[in-house]
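Peer 1:
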Amino acid sequence: MTEMTYREAIRSTLVEEMDRDPTVLLLGEDIGVYGGTFRITEGLLSRYGPRRVVDTPISELGFIGAAIGMAMLGLRPVVEVMTWNFSLPAADQILQNAAKVRYFTGGQVRAPLVIRGPNGAGVQLSAQHSQSFESFYGHFPGLKVVAPATPADAKGLLRAAIRGEDPVIFLEHAALYGIKGEVPDGDYTVPFGKAAVVRSGHHVTVVSYSRMLHLALSAAHRLSGEGIECEVIDLRSLRPLDMETVAASVRRTHRAVVVQEQWRLYGAAAEISAQIYERCFDDLDAPVERVTGEDVPAPYARNLELLAFPGEEKIIEAVRRVIA
Amino acid sequence: MERVEERVAVERMLDWYRRMVLVRRFEEQTERSFRRGKIGGYLHVYIGQEAVATGFLDAIREDDIFFASYRDHAHALLRGTDPRAVMAELYGKATGVAKGKGGSMHLVDVARGFYGGYGIVGGHLPLAVGAAYALRYQGTDRICLCFFGDGAVNSGAFHEAANLAGLWGKEGMCPVVFVIENNQYGMGTSVERASAVPNLARRFDAYAIPNERCDGMDVLAVYEVARRVVEEVRRTGRPYGVEAVTYRFSGHGAADLFQSYRTKEEVERWRQRDPILLLERRLRERGALDDARKAEIHAWAEGLVEEAVAFAEQSPDPPPEELYTDVYGADP
C-alpha cells in the first residue's frame, strides 16, 4: 500500500496505462502545455509528446466527437473535460454516438473511450459551473457511469475504464483531488457495478457515492456517539448500479437514507429509492429518506449555496427521521 | 472533359454504369416496399445523386474507410455490401447488416471500411476527423472519406470538425476528405435559404482546408476530382473539401410526397442531367453501350433487387434475445 492523493492516483494510472499500451492517448483543453486545470496531466506532454497528449481548442463537440472516432478505429482515448459542465456542447456526440453506435451497428462499431473530469458542486461557482451529471448520463444505455470517492477506487476504476470495451463517463470531484488515502500496489482494477460497504452498522443503511460518501461517513461517526450505527455504502458506479449490495444491507437494517449532491427531481436517489421499494418493501420499517441538493440552479452567495447542497447536518436529520 | 474520358478506361465507365443502375433500381424498390409497409421508420433515397458516391468510392483503396449520413444505401451497395443484407436491414430482419437494429439510417460494413451511416445532421463529421487521426497515429497511409449533405455545413459540428482537421492536418495527422453532397435542399429548405454563403466549398477556406466544387451529376467529373484529391490527402495527411453539386429527384424522405418547396419544372430541368442518363450517352458515343447491352444490365440489376427482396421477405425477425445484445462489451 502507498499513500497518495486522489489527483496522484488518477495521474499515475494514466502514466501506467500509457506506458503499458501505446493505443492510449489523452485529449483535452490545456492538458499539455498548461499542465491541466487541476494539474492531473502535469508533465505528461514532455513524457509522451504532442501526438499522445493532445491539447485541443475550446471545442468539446469537436474533440469529444473526434475521440469517439479514434476509439472506433482501435485507439483508447482518455478525454479530459475541464469540468463536466462543459460536456454539454458535446452531449450530442456522447449520447447519440458513443452510447449507441455499438447497438445500431449490430456490434460492428465500438467506441471504448473514457471521458473524465471534475463533476459536482463547487465553491461559489454559481449556476453554470456547479452541478452534477450522473443522472443525466446514467439515463442512457450504452454508457457506463462511475464516480470514485477514494484514491484507491479512482485508480482501480480508471484502470478498468481504460481497459474496458465501453464508453465510460468518469466523474471525479474537484473537492476530492487533494484527499489522501492508501492505494494498493500493483496492477489492480476495481470492477464496475460492485458497491463497497465502507462502514458496518445495524440501524440504518446510508447509500452514497463520490464526495457525499465522506459527509455520510462523518455523519455516521457523529451518530455513533449517540448509539446509532449506520451502515454506509459507496456505490462507486451509477451504471451499472449494484442494488444487490444495497438491498442485502437494507434487509439487515430495515431502514435507508440515500444521499446525493445533485437535484432531487429525477435524480439517482430517486432511482435507488424506487429499487429499494421494489426489492425490500416488506423489510422496511420506515419510508426511505432522500438527502439531495435543492431544486434550484446553484446560487453564488455563500449562505444560499450552503442551503442548496447537502451537508452533514441534513444527513444526520434524515437518519434521525428514519430511526424515529 | 474529353481528355478525362480518354484517361478512364471504358470498362471502368461501364462498371460505374452497372453499379449506378443497381443502386437506382434498388432504391426505387425500397420506395415501393416503404409504401407497402414492408420498410418502417424513415427512408431517404439517393436517387439523382448516384454519381457522387460512385466516383468517390471508386477512387479509394480497399483498406480506406468512410462515414456517411442517413442517406446511405448507395454507399453500402457501391462498396460491395451484399444487396440482400442491405435490403434485409431495411426490412428489420436478423440477416441485415446490423442484425435489424440499425435500419435505413445506420447501414454499416466494417469489413469493407464502412463505419456507418448516422442519423443526426453533421453528427458524424467529428467521428471522421478522429478516425483519420487514428489512421495516421497507427502509422498507415489509409485515408477517410466523410460524406454529408448541404444541411450539415451550417451545423456547429461541421465547423468544429473542420477546425480540428485543419489543425491536425498541419502535422500531417488528418487524412480526411470531406464530401459535401449538395443536393440543393436540407429537407424543404433550399441552400440559398439556409446558407449565408451558398458556395459551400468556400466554408473550408476559413479552416485552411483546400477545396473545390465539382459537377456532382457527372461521374467522370467526380471521379477525376476524387482520384486527385484522395492521392493528395494520402500523401500529405492533410484534409480536403469537395462540394459535389447534385440534385435529389425524390423527396427528402419517403414521407415527403408533395414537395411543395420546389417546382416540377425545376426537377425536370435537373432530370435532363440524370447521372445515369449522362453516362449512358457517353457510353453510347464511345460505342460501348447499345440497347441490347443496356437491357442486359438493367435485367441483371433487377434480378439482384428481386433476389434481395425475396431474401429479406424470407429472413427471420431478430430473436427477442437480441434486444439486450450489443449494448455493452465484455467486462474488463
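Residue numbers (the numbering used here), protein chains in the order written: chain A, 305 to 628; chain B, 104 to 435.
Even for Gly, the Cβ is constructed at its ideal location relative to N, Cα and C.
Fair warning: this is a prediction, and the values are worked out from it, not measured in the lab.
1. Quick check on threonine 306 (chain A): buried or exposed, where buried means 16 or more other Cβ atoms within 10 Å of its Cβ?
2. Is the beta carbon of glutamate 315 (chain B) sitting closer than 8 Å to the one on valine 345 (chain B)?
3. Quick one: which unbroken beta strand (DSSP E) runs of 3-plus residues sit fully inside the stretch 358-405 of chain B? Chain order, please.
4. In the stretch 370-387 of chain A, which residues sit with their C-beta less than 9 Å from some C-beta in chain B, listed in chain order?
5. Terminal residues of the continuous alpha helix (DSSP H) containing histidine 262 (chain B)?
6. Leaving out the 5 sequence neighbours to the left and right, which residues in its chain are closer than 8 Å to aspartate 489 (chain A) when beta-carbon positions are compared?
7. Closer than 8 Å by beta-carbon distance: list the chain A residues that pair up with leucine 267 (chain B), in chain order.
8. In terms of alpha-carbon separation, which member of A:Ser430, A:Tyr441 and A:Gln412 lies closest to isoleucine 419 (chain A)?
9. Taking the alpha-carbon positions, what's the leucine 238 (chain B) to leucine 248 (chain B) distance?
10. Strictly by DSSP, which residues pair up with isoleucine 473 (chain A)?
11. Whole angstroms are fine: how far does the CA of isoleucine 576 (chain A) sit from the CA of glycine 373 (chain A)?
12. Expressed to the nearest angstrom, what Euclidean distance is found between the alpha-carbon atoms of glutamate 335 (chain B) and isoleucine 466 (chain A)?
13. Classify alanine 431 (chain A): buried if its beta carbon has 16 or more other beta carbons within 10 angstroms, exposed otherwise.
14. Can you tell me which of the three DSSP states glutamine 412 (chain A) falls into?
15. Along chain A, which residues have their Cβ under 7 Å away from the Cβ of glutamate 263 (chain B)?
16. Could you tell me whether any Cβ in chain B is nearer than 8 Å to the Cβ of threonine 409 (chain A)?
17. Closest Cβ-Cβ distance between isoleucine 312 (chain B) and chain A: below 8 Å?
18. Can you tell which of B:Gly199, B:Ala214, B:Phe217 and B:Gly216 has the C-alpha that lies nearest to the C-alpha of glycine 410 (chain A)?
19. Examine the Cβ distances between the stretch 113-129 of chain B and the stretch 607-626 of chain A and report whether three or more of them are shorter than 8 Å.
20. Please report whether the beta-carbon of aspartate 470 (chain A) lies at a distance below 8 Å from any beta-carbon of chain B.
21. Please go through the same chain and pick out, in chain order, the residues whose beta-carbon is closer than 7 Å to the beta-carbon of arginine 463 (chain A), but skip the five residues on each side of it.
22. Show which residues of chain B have a CB atom less than 7 Å away from the CB atom of valine 328 (chain A).
23. How is the alpha helix (DSSP H) around leucine 542 (chain A) delimited, first residue to last?
24. Could you run through the stretch 385-405 of chain A and flag, in chain order, every residue whose CB is less than 8 Å away from some CB of chain B?
25. Closer than 8 Å, Cβ to Cβ, to anything on chain A: give me those residues from the stretch 181-197 of chain B, in chain order.
26. Can you tell me which of the three DSSP states threonine 292 (chain B) falls into?
27. Identify every run of the alpha helix (DSSP H) within the stretch 306-363 of chain B, keeping only runs that are complete inside it and at least 4 residues long; order them along the chain.
28. For lysine 459 (chain A), collect the residues of the same chain with a Cβ closer than 6 Å to its Cβ; drop the 5 residues on either side in sequence, then sort them by chain order.
29. I'd like to know if the stretch 174-192 of chain B and the stretch 148-162 of chain B are in contact, where contact means that at least 3 CB-CB pairs between them fall below 8 Å.
30. To which residues of the same chain is phenylalanine 472 (chain A) closer than 6 Å at the C-beta, ignoring the five residues directly before and after it?
31. So that I know if they touch, is there some Cβ in chain B lying closer than 8 Å to that of valine 357 (chain A)?
32. Within 8 Å, do at least three Cβ pairs link the stretch 319-326 of chain B to the stretch 346-358 of chain B?
33. To the nearest angstrom, how far is it from the Cα of valine 413 (chain A) to the Cα of glycine 421 (chain A)?
34. Quick one: is aspartate 434 (chain B) near chain A, going by C-beta distance under 8 Å?
35. If you measure between the beta carbons of glycine 233 (chain B) and alanine 403 (chain A), is that distance less than 8 Å?
36. Below 8 Å between beta carbons is the criterion; list the residues of the stretch 413-445 of chain A that meet it against any residue of chain B, in chain order.
Peer 2: Reading from the atomic positions:
1. exposed
2. yes
3. none
4. Among the residues of the stretch 370-387 of chain A, those with a Cβ less than 9 Å away from any Cβ of chain B are Ala370, Ala371, Ile372, Gly373, Met374, Ala375, Met376, Leu377, Gly378, Leu379 and Pro381, in the order of the chain.
5. Annotation for histidine 262 (chain B): the continuous alpha helix (DSSP H) segment containing it runs 259-273.
6. Met305 and Thr306
7. By Cβ distance, chain A contributes Thr360, Pro361, Ser363, Gly366, Phe367 and Ala370.
8. A:Tyr441
9. 12 Å
10. A:Ile419 and A:Val449
11. 34 Å
12. Cα-Cα distance, rounded: 35 Å.
13. exposed
14. coil
15. Ser363, Leu365 and Gly366
16. yes
17. Residue-level contact by beta carbon fails for isoleucine 312 (chain B) and chain A, as no gap is shorter than 8 Å.
18. B:Gly199
19. The stretch 113-129 of chain B vs the stretch 607-626 of chain A: no contact.
20. yes
21. Thr317, Glu321 and Thr493
22. Within 7 Å Cβ-Cβ: nothing; valine 328 (chain A) doesn't reach chain B, min ~11 Å.
23. Where leucine 542 (chain A) is concerned, there is no enclosing alpha helix (DSSP H), although the beta strand (DSSP E) it sits in stretches over 541-543.
24. Here the close residues are Pro393, Asp396, Gln397, Gln400, Asn401 and Val405.
25. Sequence-ordered contacts of the stretch 181-197 of chain B with chain A are nonexistent [C-beta pairs closer than 8 Å].
26. strand
27. 322-339
28. Ala313, Thr317 and Val487
29. yes
30. The question names phenylalanine, but residue 472 (chain A) is valine in the sequence shown. Val418, Lys448 and Ala465.
31. No, valine 357 (chain A) does not count as interfacial toward chain B.
32. yes
33. Going from the Cα of valine 413 (chain A) to the Cα of glycine 421 (chain A) covers about 26 Å.
34. yes
35. no
36. Val413, Arg414, Pro416 and Pro445
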